[in-house]
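A.B. asks: For the sequence shown, our numbering begins at 5 and goes up steadily by one.
The beta-carbon is built from N, C-alpha and C at its ideal position, and this holds for glycine as well.
In this text, all values refer to a predicted model and were calculated from it rather than measured experimentally.
Below is a structure I'd like to ask you about.
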Amino acid sequence: MTAKKVIAGMIGIAAVLVAGIALPLVATAQEGLLVHSGAGLSEAMDVLSKKFEDEYGIKVTVNYGGAGSLLSQMELKREGDIFIPGGRHTFNRAKEKGFTEGKEKFVAYHIPVIGVPKGNPANITCLEDLAKPGVKVALGDPKSVPIGKKAERILKKNGIYEEVMKNVVSLEGEEPMIVKDVRVGDVDAGIFWRSSIIASRKYIEIIEIPKEQNEIDVIPIDVLIFSKDKEAARKFMDFVVSEKGVWESNGYVSYPNEKYGLVEGAPTPTPTPAISPEITPTPTLMPTVTLQGDFSIRVEPKHVDIKPGDSITFELTISPIGEFDAPIELNISITAPLYNKTYSLPTQYPPYPKTYTYTVNIPEDVPPCTARGIITATGGGKTHTDIATVKIPGFEAISAIAGLLAVAYLLMRKE
């Protein structure tokens with residue numbers, strides 16, 4: 005076989021691999037709305053995107069990541085319909101670059117707190133304790149994630165930045181990774197958003213930062229100038245702002261609020277128009293108020309990175325709210341690029357609380373993608389949902405492509 009044929013074969017293989025990785029992404033991005041959302045907002049955004057799809061029949065694809073990473077993607081690709089990061093720092097950079105319409109609204113307060121592993125083994129009681137020698141701390145990277153920049157400002161404001169940075173053992177690019185570090189006990193404490201305790205409340209305790217020491221932010225949202233359907237994008241933005249119950253049930257405080265007031269630099273909010281008579285701000289996930297004859301569900305873990313051929317075990321916990329003793333039927337819908345299927349899980353019977361464990365096996369031939377598992381629980385005339393996200397990384401395939409192209413290039417030079 006000649007060198008030219010070898011080169012052609014390598015380039016052909018690389019092209020096929022690229023197509024295999026890119027096709028699911030293209031197919032997703034070309035349909036409906038593409039929302040760039042901060043990774044730490046996934047609990048609420050998963051629920052809101054599904055609820056919007058059900059109400060309006062408009063597909064919503066949510067691209068989660070650190071705010072800095074999302075901004076870089078927008079600069080490179082110039083695509084997307086909505087930008088909703090976890091804070092105003094990176095949002096304002098996007099606005100300065102002319103990427104947003106400049107008609108932003110504010111969804112909820114984002115309140116930094118100190119998180120510690122259950123039992124608080126390092127006996128952390130206040131912000132100053134993070135500066136004690138030997139304390140292991142996790143923070144967000146201030147260059148890529150809003151909570152990182154916010155923590156930096158809090159520490160500098162209180163004159164302990166240098167001391168705390170000596171104790172930092174994890175500088176994370178996404179806010180959920182800070183939570184993970186605390187949850188598994190890799191660190192003694194971390195600074196993350198108050199809302200993050202909802203998903204891990206069994207494993208993490210929080211220490212409130214006094215308002216005078218804190219840097220409370222708001223979650224902004226706006227339509228992107230790249231949007232190909234601005235009418236639908238604005239409808240989604242108004243929907244997200246109006247669904248206060250979903251935000252509150254996921255640990256946020258809706259904006260505005262008398263306790264926290266208007267955030268410095270944020271404009272006075274205007275009333276959000278009603279989207280339709282059918283839409284009401286009713287919590288659909290983990291209500292914070294006690295209702296008679298109801299229940300809540302929670303799946304753990306919420307986000308998983310896994311390789312093809314591996315398996316992951318999920319725990320689905322059913323908790324009663326008030327007096328609840330009805331059987332609960334469970335279904336799980338798996339949605340991924342070019343794949344959509346629903347499975348029935350065993351019916352659960354009282355007494356509650358009860359935890360059901362199930363294992364998902366990932367096929368060897370599955371392509372790199374992000375899949376959502378939407379768990380629906382129905383019983384006693386009530387229906388609740390929760391969502392888990394499984395990410396199949398594609399870095400190995402990308403490295404293989406780069407290697408093939410590099411070898412092909414060297415052979416071409418020899419020719």
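Run through the segment 50 to 79 for me and flag every whole beta strand (DSSP E) of 3 or more residues, listed as ranges in chain order.
C.D. replies: Counting whole runs of 3 or more residues, the segment 50 to 79 contains the beta strand (DSSP E) stretches 64 to 69.
A.B. asks: Quick check on DSSP: helix, strand or coil for LYS248?
C.D. replies: The residue you call residue 248 lines up with position 244 of the sequence shown. Residue state, collapsed to three classes: helix.
A.B. asks: Measure the C-alpha to C-alpha separation of ASP314 and THR387 and round it to an integer number of angstroms.
C.D. replies: For this step, residue 314 is matched to residue 310 along the sequence shown. For this step, residue 387 is matched to residue 383 along the sequence shown. Roughly 31 Å between the two C-alpha positions.
A.B. asks: Is GLY194 helix, strand or coil by DSSP?
C.D. replies: For the purposes of this step, residue 194 is taken as the residue at position 190 of the sequence shown. Strand, per DSSP.
A.B. asks: Return yes when the Cβ of SER199 is within less than 9 Å of the Cβ of GLY255, no when it is not.
C.D. replies: Working through the sequence shown from its first residue, we reach residue 255 at position 251. Working through the sequence shown from its first residue, we reach residue 199 at position 195. Yes, Cβ-Cβ distance for GLY255 and SER199 is below 9 Å.
A.B. asks: What would DSSP say about PRO350, mapped onto helix, strand or coil?
C.D. replies: Against the sequence shown, residue 350 aligns to sequence position 346. The answer is strand: DSSP assigns PRO350 an E or B state.
A.B. asks: Would you say VAL303 and ALA392 are within 9 Å of each other, going by their C-beta atoms?
C.D. replies: Here residue 303 refers to the residue found at position 299 when the sequence shown is read from its first residue. Here residue 392 refers to the residue found at position 388 when the sequence shown is read from its first residue. Yes, the Cβ-Cβ distance between VAL303 and ALA392 is below 9 Å.
A.B. asks: When the Cα atoms are used, what is the spatial distance from THR359 to GLN352?
C.D. replies: Taking the sequence shown and counting its residues from 1, one reaches residue 359 at position 355. Taking the sequence shown and counting its residues from 1, one reaches residue 352 at position 348. Going from the Cα of THR359 to the Cα of GLN352 covers about 9 Å.
A.B. asks: Check whether the Cβ atoms of LYS170 and THR389 lie closer than 9 Å to each other.
C.D. replies: What you label residue 170 is simply residue 166 of the sequence shown in a count that begins at 1. What you label residue 389 is simply residue 385 of the sequence shown in a count that begins at 1. No, the Cβ-Cβ distance between LYS170 and THR389 is not below 9 Å.
A.B. asks: Is the Cβ-Cβ distance between SER41 and LEU80 less than 9 Å?
C.D. replies: The count along the sequence shown starts at 1 and reaches residue 41 at position 37. The count along the sequence shown starts at 1 and reaches residue 80 at position 76. No.
A.B. asks: Between LEU349 and ILE336, what straight-line distance do the alpha-carbon atoms span, to the nearest angstrom?
C.D. replies: Within the sequence shown, numbered from 1, the residue matching residue 349 stands at position 345. Within the sequence shown, numbered from 1, the residue matching residue 336 stands at position 332. Approximately 7 Å between the Cα atoms of the pair.
A.B. asks: If we ignore side chains and look at the alpha-carbon of each, how far apart do THR361 and ILE210 end up?
C.D. replies: The residue you call residue 361 lines up with position 357 of the sequence shown. The residue you call residue 210 lines up with position 206 of the sequence shown. Each residue's Cα considered, the two are about 27 Å apart.
A.B. asks: What would DSSP say about GLU282, mapped onto helix, strand or coil?
C.D. replies: Here the question's residue 282 lines up with position 278 in the sequence shown. Because the pLDDT of GLU282 is 42, which lies under 50, any placement of that residue in the model is unreliable, and the number read from its coordinates should be weighed accordingly. Coil.
A.B. asks: Return helix, strand or coil for ARG82, following the three-state DSSP convention.
C.D. replies: Start at 1 with the first residue of the sequence shown, and residue 82 comes out as number 78. ARG82 falls in the coil class under three-state DSSP.
A.B. asks: What's the call for SER424, buried or exposed, on a 16-neighbour Cβ count within 10 Å?
C.D. replies: Coverage of the chain is limited to positions 5 through 419, which leaves residue 424 absent and any answer about it impossible.
A.B. asks: Name the one or two DSSP bridge partners that ASN365 has.
C.D. replies: Working through the sequence shown from its first residue, we reach residue 365 at position 361. ASN365 pairs with SER315.
A.B. asks: Could you give the first and the last residue of the continuous beta strand (DSSP E) run that contains TYR256?
C.D. replies: To locate residue 256, count along the sequence shown from 1; it is residue 252. TYR256 -> no beta strand (DSSP E), and no H or E assigned at all.
A.B. asks: Can we say the segment 230 to 241 touches the segment 150 to 165, given the rule of at least three CB pairs closer than 8 Å?
C.D. replies: As far as the Cβ criterion goes, the segment 230 to 241 does not touch the segment 150 to 165, which means the pair count is below three.
A.B. asks: Would you tell me roughly how many angstroms separate the C-alpha atoms of ALA98 and GLU57, rounded to the nearest one?
C.D. replies: On the sequence shown, position 94 is the one that residue 98 refers to. On the sequence shown, position 53 is the one that residue 57 refers to. Each residue's alpha carbon lies about 27 Å from the other.
A.B. asks: Cα-Cα, which of SER323, PRO371, GLU262 and TYR356 is closest to ILE310?
C.D. replies: By 1-based counting over the sequence shown, the position of residue 310 is 306. Minimum Cα distance to ILE310 is reached at PRO371.
A.B. asks: With a threshold of 8 Å, are at least 3 pairs of Cβ atoms found where one atom belongs to the segment 167 to 185 and the other to the segment 125 to 139?
C.D. replies: Touching, yes, given that three or more Cβ pairs across the two stretches are closer than 8 Å.
A.B. asks: For SER76 and PRO331, what's the separation of their Cα atoms in angstroms?
C.D. replies: Here residue 76 is taken as the residue at index 72 of the sequence shown, counted from 1. Here residue 331 is taken as the residue at index 327 of the sequence shown, counted from 1. Spanning the two alpha carbons is a distance of roughly 48 Å.
A.B. asks: Is it the case that the Cβ atoms of LEU131 and GLU176 are separated by a distance below 9 Å?
C.D. replies: What you label residue 131 is simply residue 127 of the sequence shown in a count that begins at 1. What you label residue 176 is simply residue 172 of the sequence shown in a count that begins at 1. No, the pair does not count as a contact, with Cβ atoms beyond the cut-off.
A.B. asks: Starting from the Cα of GLY61, find the closest Cα among LEU37, LEU45, ALA43 and ASP190 and give me that residue.
C.D. replies: Taking the first residue of the sequence shown as position 1, residue 61 is located at position 57. Of the candidates LEU37, LEU45, ALA43 and ASP190, the one whose C-alpha sits nearest the C-alpha of GLY61 is LEU37.
A.B. asks: If we count the other Cβ atoms within 10 Å of its Cβ and call it buried at 16 or more, is TYR347 buried or exposed?
C.D. replies: As a working note, residue 347 is residue 343 in the sequence shown. The residue is exposed, with fewer than 16 neighbouring Cβ atoms inside 10 Å.
A.B. asks: On the criterion of 16 or more Cβ atoms from any shown chain inside 10 Å, does VAL227 qualify as buried, or is it exposed?
C.D. replies: As a first step, residue 227 is located in the sequence shown; it is residue number 223 there, counting from the start. Counting Cβ neighbours within 10 Å, VAL227 comes out buried, since at least 16 surround it.
A.B. asks: In the DSSP output, which residue or residues are listed as bridge partners for GLY383?
C.D. replies: Looking up residue 383 in the sequence shown gives position 379. GLY383 is bridged to LYS386.
A.B. asks: Can you tell which of LYS101, ASP185 and GLY44 has the C-alpha that lies nearest to the C-alpha of ILE202?
C.D. replies: Sequence index remark: in the sequence shown, residue 202 carries index 198 (1-based). Out of LYS101, ASP185 and GLY44, GLY44 has the C-alpha closest to the C-alpha of ILE202.
A.B. asks: Let me know if PRO214 comes out buried or exposed under the rule of 16 or more other beta-carbons within 10 Å of its beta-carbon.
C.D. replies: For the purposes of this step, residue 214 is taken as residue 210 along the sequence shown, with counting starting at 1. Answer is exposed; the Cβ neighbour count stays below 16.
A.B. asks: Report the rounded CA-to-CA distance for GLY106 versus GLY84, giving the unit in angstroms.
C.D. replies: Walking along the sequence shown from the start, residue 106 turns up at place 102. Walking along the sequence shown from the start, residue 84 turns up at place 80. The straight-line gap from Cα to Cα measures roughly 15 Å.
A.B. asks: Hey, how far is the Cα of GLU262 from the Cα of VAL364?
C.D. replies: The residue labelled residue 262 in the question sits at position 258 within the sequence shown. The residue labelled residue 364 in the question sits at position 360 within the sequence shown. Looking at the two C-alpha atoms, the distance is approximately 45 Å.
A.B. asks: DSSP three-state label for GLY152, please.
C.D. replies: For the purposes of this step, residue 152 is taken as the residue at position 148 of the sequence shown. Helix, per DSSP.
A.B. asks: Take the Cβ of GLU47 as the centre, count every other Cβ of all protein chains shown within 10 Å, and call the residue buried at 16 or more, exposed below.
C.D. replies: The count along the sequence shown starts at 1 and reaches residue 47 at position 43. When all chains shown are included, GLU47 counts as buried.
A.B. asks: Could you check if LEU147 is buried or exposed, using at least 16 other CB atoms within 10 Å of its CB as the buried criterion?
C.D. replies: Position 143 of the sequence shown, counted from the first residue, corresponds to residue 147. Note that residue 147 is Lys in the sequence shown here, rather than Leu. So LYS147 ends up on the exposed side.
A.B. asks: Determine the DSSP secondary structure at PHE299, reduced to helix, strand or coil.
C.D. replies: Residue mapping note: residue 299 aligns to position 295 of the sequence shown, counting from 1. PHE299: strand per DSSP, three-state reduction.
A.B. asks: Tell me, please, which residues DSSP counts as bridged to CYS373.
C.D. replies: On the sequence shown, residue 373 is found 369 positions in, with the first residue counted as 1. Answer is ILE396, bridged to CYS373.
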